[in-house]
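Using UniProt numbering, count along the sequence shown one by one with no gaps and you end on 147.
Every residue, glycine too, gets a C-beta built ideally from N, C-alpha and C.
The next block holds one structure in the form of structure tokens; read it before the comments.
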Amino acid sequence: MSSDDAQRNQLEDSTKIHIQNLPRHMAINDMKKILKRHGFRAKKIALMKEHAYVTFSDPEQANQAAEKLDQMTFKQCVLRVRKTAADDESQSTKKKPTKSEERTELVNIVDVVTPWHAVPYEEQLKNKQNACYEWAKKCSIKIYKEC
Numbered sequence: 001m002s003s004d005d006a007q008r009n010q011l012e013d014s015t016k017i018h019i020q021n022l023p024r025h026m027a028i029n030d031m032k033k034i035l036k037r038h039g040f041r042a043k044k045i046a047l048m049k050e051h052a053y054v055t056f057s058d059p060e061q062a063n064q065a066a067e068k069l070d071q072m073t074f075k076q077c078v079l080r081v082r083k084t085a086a087d088d089e090s091q092s093t094k095k096k097p098t099k100s101e102e103r104t105e106l107v108n109i110v111d112v113v114t115p116w117h118a119v120p121y122e123e124q125l126k127n128k129q130n131a132c133y134e135w136a137k138k139c140s141i142k143i144y145k146e147c
């Protein structure tokens, strides 16, 4: 089976649709009314500004809703509906980091939080003392110039 066939099967088995071109000020209750008017009951609705994700309990209902609602006019907006590529379960198959990637991430965090963690304490004190000395020197020069 090719990757196109696998993706097509995944789309057919998906229970989620993406509705685009919604009116700007649309409430979830408006979306529920549209779905109810066409005989559908959503399991979950995620409404954004001009688009929404609607999850149904079974793929057949999602397919029917996608067909019925696509190109439908609602409040002078022509809705565009498409099936999403995957359900929540299959979207959670993100690449897990390997041990070395996790280690480098930890090292990066330590470097950001405590940048002098690898420097011996005596050397840290010397560096801090030199930094304070330079700062005091700059301050005294500024004070001298202004007086």
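Asked, Found
"Under a three-way DSSP split, which group does Asp87 fall into?", "With a pLDDT of only 47 at Asp87, under 50, the local geometry of the prediction cannot be trusted, and the value read off the model is given with reservation. Asp87 falls in the coil class under three-state DSSP."
"For Phe56 and Thr114, I'd like the C-alpha separation in whole angstroms.", "48 Å"
"Which whole-angstrom value is the C-beta distance of Trp116 and Gln124, which I expect to be below 8 Å?", "5 Å"
"Using 10 angstroms around the beta-carbon of Ile109, count the other beta-carbons present and answer buried if the total reaches 16, otherwise exposed.", "exposed"
"Could you spell out where the alpha helix (DSSP H) holding Ala66 opens and where it closes?", "59-69"
"For my contact list, His38 and Lys68 are in at a C-beta cut-off of 8 Å; report their separation, rounded to the angstrom.", "5 Å"
"According to DSSP, is Thr55 part of a helix, a strand, or is it coil?", "strand"
"Please report the straight-line C-alpha distance between Glu50 and Lys137, rounded to a whole angstrom.", "59 Å"
"Please report how far the alpha carbon of Gln76 lies from the alpha carbon of Leu106, in whole angstroms.", "52 Å"
"Among Lys83, Tyr133, Ile34, which has the Cα closest to the Cα of Thr73?", "Ile34"
"Can you tell me the Cα-Cα spacing of Glu101 and Ala118, whole angstroms?", "20 Å"
"Rounded to whole angstroms, how far is the Cβ of Val78 from the Cβ of Ile19, which I believe are closer than 8 Å?", "Between Ile19 and Val78 the Cβ distance is about 11 Å, and since that is not below 8 Å, they are no contact."
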